[in-house]
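>
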Amino acid sequence: MTDTASPRLSRLIRDTEGFLLPLTEMAGDAVVARVEFGFDLPTTPTQTSAALHAGSPAGPPTASPAEAAGRASLAGTVVLATEPVRSPAGLDAVLSAHAGAAALVVPPGTHSHLGDGVDLRGTTGEVPVLLERSPHVTWSEILVHLRQLTEGATSALAWPDVDDLSALAAVIAETTGASITIEDPASRVLAHANLGGELDEIRRETILSGAIPDWRIAELEASGFLDTIRRSTDVVERPAEGTSPARSVIALRSEGELIGTIWAAYPAEVDPEPLREVLRDAARAALPVMLRTLRRSPFEKRLRREALGAILAGSADLGPSATLLSLPFSGSFCVLAFTEAAPDREPVLRFHLRAAFADAVVSRIESSTGAYLAALVQMSEPTDAAQIRDHVLSALRRSLPSDEALSFGVGSPVDRLDEVHRSWSEAVYVVDAVHGRRRGLCCRGRGATSGGSASGGDEESPTIVGATVEDAAAEVIGLRVADTLLAAERDAHGGGPAGRSGDIGNIAWPARALARHDAQHNGSLLETLRVYFATVGNSAEASRRLHVHTNSLRHRLGRIEEITGLSTAEPAERLWLELSVLAHDRAGG
Numbered sequence: 027m028t029d030t031a032s033p034r035l036s037r038l039i040r041d042t043e044g045f046l047l048p049l050t051e052m053a054g055d056a057v058v059a060r061v062e063f064g065f066d067l068p069t070t071p072t073q074t075s076a077a078l079h080a081g082s083p084a085g086p087p088t089a090s091p092a093e094a095a096g097r098a099s100l101a102g103t104v105v106l107a108t109e110p111v112r113s114p115a116g117l118d119a120v121l122s123a124h125a126g127a128a129a130l131v132v133p134p135g136t137h138s139h140l141g142d143g144v145d146l147r148g149t150t151g152e153v154p155v156l157l158e159r160s161p162h163v164t165w166s167e168i169l170v171h172l173r174q175l176t177e178g179a180t181s182a183l184a185w186p187d188v189d190d191l192s193a194l195a196a197v198i199a200e201t202t203g204a205s206i207t208i209e210d211p212a213s214r215v216l217a218h219a220n221l222g223g224e225l226d227e228i229r230r231e232t233i234l235s236g237a238i239p240d241w242r243i244a245e246l247e248a249s250g251f252l253d254t255i256r257r258s259t260d261v262v263e264r265p266a267e268g269t270s271p272a273r274s275v276i277a278l279r280s281e282g283e284l285i286g287t288i289w290a291a292y293p294a295e296v297d298p299e300p301l302r303e304v305l306r307d308a309a310r311a312a313l314p315v316m317l318r319t320l321r322r323s324p325f326e327k328r329l330r331r332e333a334l335g336a337i338l339a340g341s342a343d344l345g346p347s348a349t350l351l352s353l354p355f356s357g358s359f360c361v362l363a364f365t366e367a368a369p370d371r372e373p374v375l376r377f378h379l380r381a382a383f384a385d386a387v388v389s390r391i392e393s394s395t396g397a398y399l400a401a402l403v404q405m406s407e408p409t410d411a412a413q414i415r416d417h418v419l420s421a422l423r424r425s426l427p428s429d430e431a432l433s434f435g436v437g438s439p440v441d442r443l444d445e446v447h448r449s450w451s452e453a454v455y456v457v458d459a460v461h462g463r464r465r466g467l468c469c470r471g472r473g474a475t476s477g478g479s480a481s482g483g484d485e486e487s488p489t490i491v492g493a494t495v496e497d498a499a500a501e502v503i504g505l506r507v508a509d510t511l512l513a514a515e516r517d518a519h520g521g522g523p524a525g526r527s528g529d530i531g532n533i534a535w536p537a538r539a540l541a542r543h544d545a546q547h548n549g550s551l552l553e554t555l556r557v558y559f560a561t562v563g564n565s566a567e568a569s570r571r572l573h574v575h576t577n578s579l580r581h582r583l584g585r586i587e588e589i590t591g592l593s594t595a596e597p598a599e600r601l602w603l604e605l606s607v608l609a610h611d612r613a614g615g
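Residue numbers (our numbering): 27 to 615.
1) If I measure Cβ to Cβ from residue 138 and keep anything under 8 Å in the same chain, skipping five residues before and after, which residues do I get?
2) Identify which residue in 219, 248, 400 has its Cα closest to the Cα of residue 336.
3) Quick check: what's the CA-CA separation for residue 165 versus residue 61?
4) What is the C-beta distance between residue 492 and residue 418, in whole angstroms, given that I count them as a contact (C-beta under 8 Å)?
5) Pick from 50, 54, 57: whose alpha carbon is nearest that of residue 132?
6) Go through its chain and collect everything with a Cβ distance to residue 612's Cβ below 7 Å, but skip five positions before and after it.
7) According to the neighbour-count rule (16 or more other Cβ atoms, all chains shown, within 10 Å of its Cβ), is residue 212 buried or exposed?
8) What does residue 63 pair with, by DSSP beta-bridge criteria?
9) Drop a sphere of 10 angstroms on the beta-carbon of residue 577, count the other beta-carbons inside from all chains shown, and report buried for 16 or more, exposed for fewer.
10) Output needed for residue 571: all residues of its chain with C-beta closer than 6 Å, excluding positions within five of it in sequence on either side, in chain order.
11) Taking only the alpha-carbon atoms, compute the straight-line gap between residue 244 and residue 352 and give it to the nearest angstrom.
12) Please look up how many angstroms separate the CB atoms of residue 64 and residue 106, rounded, as I've assumed it's under 8 Å.
13) With DSSP as the reference, label residue 517 as helix, strand or coil.
14) When DSSP labels each residue in this structure, what does residue 603 get in the three-state scheme?
15) Residues in the same chain with beta-carbon distance under 7 Å from residue 440, minus the five sequence neighbours each way, listed in chain order, please.
16) By how many angstroms is the C-alpha of residue 452 removed from the C-alpha of residue 205?
17) Just the Cα atoms here: how many angstroms apart are residue 413 and residue 594?
18) Anyone know if the C-beta pair for residue 536 and residue 606 falls short of 9 Å?
19) Please determine, among 39, 549, 432, the residue with the shortest C-alpha to C-alpha distance to residue 175.
20) Out of curiosity, what's the CA-to-CA distance linking residue 608 and residue 539?
21) Taking DSSP's pairing of strands, which residues face residue 442 in a bridge?
22) Would you tell me roughly how many angstroms separate the C-alpha atoms of residue 118 and residue 255, rounded to the nearest one?
23) Please confirm if the segment 379-387 is in contact with the segment 426-437, defined as three or more CB-CB distances below 8 Å between the two stretches.
24) CA-CA distance, residue 362 and residue 403?
25) What does the Cβ neighbour count give for residue 591, buried or exposed, with the cut at 16 atoms within 10 Å?
26) Answer with buried or exposed for residue 265, where buried requires no fewer than 16 other C-beta atoms within 10 angstroms of its C-beta.
27) Could you check the C-alpha separation between residue 159 and residue 167 for me, to the nearest Å?
28) Quick check: what's the CA-CA separation for residue 300 versus residue 202?
29) For residue 35, which of 274, 128, 333, 326 has the nearest alpha-carbon?
30) For residue 269, count the other beta carbons within 10 Å of its own beta carbon; 16 or more makes it buried, fewer makes it exposed. Which is it?
31) Tell me the DSSP secondary structure of residue 536 in three-state form.
32) What are the boundary residues of the beta strand (DSSP E) that residue 287 is part of?
33) Please classify residue 548 as buried or exposed, where buried requires at least 16 other C-beta atoms within 10 Å of its C-beta.
34) Can you check which of these residues, 284, 288, 293, 259, is closest to residue 272 by C-alpha distance?
35) Between 550, 277, 379, which has its C-alpha nearest residue 311's C-alpha?
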């Protein structure tokens with residue numbers, strides 16, 4: 027047991043890892059009394075840092091009575107200081123203004139304005155622990171999270187320093203002799219602890235299914251028992267019924283909101299009165315753990331996604347993102363980009379990727395060309411892209427259904443975190459090339475690295491396909507050329523959209539003209555051109571893929587020439603047609 031259950035600064039910082047980035051070390055732990063914005067604090071007249079220096083040049087500054095009172099009023103306080111800090115002098119002013127606080131949270135990016143030689147302790151005697159807000163969260167989220175962690179942390183009993191609900195359930199069970207279930211507001215089981223003996227039918231089914239059975243919920247709703255729990259602020263009793271033991275239940279609330287329940291099923295020999303007292307205390311002790319379980323998860327996912335996004339985008343300041351994701355600045359890194367991963371299949375894919383690479387950071391990332399599942403992996407020793415591709419293919423083929431369609435690209439490995447963005451860019455180009463190849467949209471290149479194309483001319487069977495930039499070099503070059511041309515046209519139009527319908531000189535104009543014609547006449551001329559180029563002008567193969575006669579294909583090619591004024595028989599005009607299709611598809615159609 028801990029000496030006290032009062033919230034400690036060290037615990038608060040640990041529970042907000044990723045939200046707050048420590049800039050100084052903690053000299054001594056402190057009990058946290060409250061969490062406040064700087065502008066919410068009562069003001070006490072204090073001397074400025076400059077005046078203190080002037081009054082005592084030969085020794086440490088002496089605090090005035092007013093300043094001493096101000097420091098005392100901030101004891102045990104975590105202060106959120108929202109004013110920007112852009113220089114060592116600015117930091118010193120903020121530290122002086124909040125001297126006596128347990129911790130001071132400064133705006134994101136503060137560390138980048140201070141340099142390595144700056145004394146982050148300021149010039150005053152009592153120095154708060156200095157923390158920096160992560161750029162991926164808001165001040166409101168920080169404030170709410172810190173206040174929720176401190177809420178209910180003071181307990182009548184000294185509870186063990188538990189980090190998860192399973193450990194908390196075990197402590198309650200050992201203390202009371204009851205079997206414990208901790209559930210969320212939807213009656214899903216988050217943790218349970220059973221001290222042995224036979225489980226009653228309801229509890230067995232609840233644990234096995236991970237939720238209270240539907241029939242049981244309907245029964246408790248009909249009897250009004252669940253409604254009583256929702257409205258109660260104390261322990262609610264349900265007597266034993268037949269083989270079902272007695273149960274004591276207490277709701278967990280944060281700022282009045284129901285966030286879960288603790289259920290205790292106990293045999294006749296357990297005294298219910300001490301059990302009720304323990305449950306009341308357990309409900310207060312459970313709040314920080316429950317809030318961390320229920321509410322930090324969405325925060326954490328967003329934090330990790332935005333931190334990974336900053337690294338993949340080549341952010342100039344990688345410090346906060348690297349700290350959040352526990353990534354070193356040097357090592358052996360590689361990025362993989364996945365497409366075709368359905369949302370309901372993503373958790374399975376994430377699991378197997380982390381099994382293949384223990385330190386993989388996986389998140390869905392939006393880019394200008396679509397949404398990808400990105401995986402930043404670290405290798406213990408330098409590994410080439412082909413080895414990584416084969417390792418992932420082997421792991422996924424063993425784990426995923428054989429008919430599951432999945433494409434991924436592997437970027438070239440790099441040895442610095444600030445070069446990871448290059449690997450990501452390559453991986454996206456590669457997976458776009460592979461995905462387009464499988465759809466028959468890109469020019470013919472080398473075969474896919476994962477076997478699975480059907481024989482006899484049938485369309486390629488759904489399978490897991492991975493490639494490196496060497497495997498899809500031709501397609502990658504084509505996509506890069508299309509992007510370069512589109513970017514040049516955007517610049518020429520002052521940043522506006524390229525390929526406007528009225529500008530016949532734009533790279534994507536022919537494909538856009540065909541797309542408009544198809545939309546107006548329910549046609550498929552643009553798709554015909556894609557397939558024709560994918561088969562390298564082989565009319566018989568293109569006709570087979572399009573399921574039309576070769577005469578129909580010739581008629582369509584003639585209509586394409588009439589609409590665009592360009593012929594597939596002329597090299598320069600054919601090149602423009604091919605590039606226009608690539609650019610049209612890269613620009614989102």
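Each residue gets a CB set at the ideal place from its N, CA and C atoms; glycine is no exception.
Let me spell this out:
1) In the sequence shown, residue 138 corresponds to position 112, counting from 1. So the qualifying residues of the chain are 343, 345.
2) Within the sequence shown, numbered from 1, the residue matching residue 336 stands at position 310. Closest option to residue 336, Cα to Cα, is 400.
3) Taking the sequence shown and counting its residues from 1, the one referred to as residue 165 is at position 139. Taking the sequence shown and counting its residues from 1, the one referred to as residue 61 is at position 35. Approximately 12 Å, taken between the alpha carbons.
4) Here residue 492 refers to the residue found at position 466 of the sequence shown. Here residue 418 refers to the residue found at position 392 of the sequence shown. Right, the Cβ-Cβ distance comes to about 6 Å (below 8 Å), so this counts as a contact.
5) Locating residue 132 in the sequence shown gives position 106, counting from the first residue. Selected option, being the one with the closest Cα: 50.
6) For the purposes of this step, residue 612 is taken as residue 586 along the sequence shown, with counting starting at 1. Cβ neighbours of residue 612 beyond the five flanking positions: 395, 505, 508, 509, 512.
7) Indexing the sequence shown from 1 puts residue 212 at position 186. Classification of residue 212: exposed, given that the 10 Å Cβ count is below 16.
8) Locating residue 63 in the sequence shown gives position 37, counting from the first residue. Partner(s): 106.
9) To locate residue 577, count along the sequence shown from 1; it is residue 551. With fewer than 16 Cβ atoms within 10 Å of its Cβ, residue 577 is classed as exposed.
10) As a first step, residue 571 is located in the sequence shown; it is residue number 545 there, counting from the start. Once the five neighbours on either side are set aside, the close Cβ partners of residue 571 are 557.
11) As a first step, residue 244 is located in the sequence shown; it is residue number 218 there, counting from the start. As a first step, residue 352 is located in the sequence shown; it is residue number 326 there, counting from the start. When rounded, the distance between both Cα atoms is 46 Å.
12) Within the sequence shown, residue 64 is the residue found at index 38, counting from 1. Within the sequence shown, residue 106 is the residue found at index 80, counting from 1. Between residue 106 and residue 64 the Cβ distance is about 6 Å, and since that is below 8 Å, they are a contact.
13) Looking up residue 517 in the sequence shown gives position 491. Three-state DSSP puts residue 517 in a helix.
14) Position 577 of the sequence shown, counted from the first residue, corresponds to residue 603. Three-state DSSP puts residue 603 in a helix.
15) By 1-based counting over the sequence shown, the position of residue 440 is 414. 359, 446, 448, 449.
16) Here residue 205 refers to the residue found at position 179 when the sequence shown is read from its first residue. Here residue 452 refers to the residue found at position 426 when the sequence shown is read from its first residue. Approximately 54 Å between the Cα atoms of the pair.
17) On the sequence shown, position 387 is the one that residue 413 refers to. On the sequence shown, position 568 is the one that residue 594 refers to. If you take the alpha carbons of residue 413 and residue 594, they lie about 40 Å apart.
18) The residue given as residue 536 occupies position 510 in the sequence shown. The residue given as residue 606 occupies position 580 in the sequence shown. Closer than 9 Å, so yes.
19) Taking the first residue of the sequence shown as 1, we reach residue 175 at position 149. Comparing Cα positions, the closest option is 39.
20) Residue numbering aside, residue 608 sits at position 582 when the sequence shown is read from its first letter. Residue numbering aside, residue 539 sits at position 513 when the sequence shown is read from its first letter. Approximately 14 Å, taken between the alpha carbons.
21) Residue 442 sits at position 416 when you count from the first residue of the sequence shown. Answer is 356.
22) On the sequence shown, position 92 is the one that residue 118 refers to. On the sequence shown, position 229 is the one that residue 255 refers to. In a straight line, the C-alpha of residue 118 is about 51 Å away from that of residue 255.
23) no
24) Mapped onto the sequence shown, residue 362 falls at position 336. Mapped onto the sequence shown, residue 403 falls at position 377. Cα to Cα, residue 362 sits roughly 8 Å from residue 403.
25) Counting from one through the sequence shown, the residue named residue 591 turns up at place 565. When all chains shown are included, residue 591 counts as exposed.
26) Here the question's residue 265 lines up with position 239 in the sequence shown. With fewer than 16 Cβ atoms within 10 Å of its Cβ, residue 265 is classed as exposed.
27) On the sequence shown, residue 159 is found 133 positions in, with the first residue counted as 1. On the sequence shown, residue 167 is found 141 positions in, with the first residue counted as 1. Answer to the nearest angstrom: the Cα atoms are 10 Å apart.
28) Position 274 of the sequence shown, counting from 1, holds the residue named residue 300. Position 176 of the sequence shown, counting from 1, holds the residue named residue 202. Each residue's alpha carbon lies about 8 Å from the other.
29) What you label residue 35 is simply residue 9 of the sequence shown in a count that begins at 1. Looking at the Cα atoms, 128 is the closest of the given residues.
30) As a working note, residue 269 is residue 243 in the sequence shown. Exposed.
31) For the purposes of this step, residue 536 is taken as the residue at position 510 of the sequence shown. Three-state result, residue 536: helix.
32) Within the sequence shown, the letter at position 261 stands for residue 287. Its beta strand (DSSP E) spans residues 283-292.
33) As a position in the sequence shown, residue 548 is number 522, starting the count at 1. Result: exposed.
34) Residue numbering aside, residue 272 sits at position 246 when the sequence shown is read from its first letter. The shortest Cα separation from residue 272 among 284, 288, 293, 259 belongs to 293.
35) Residue 311 sits at position 285 when you count from the first residue of the sequence shown. Comparing Cα positions, the closest option is 277.
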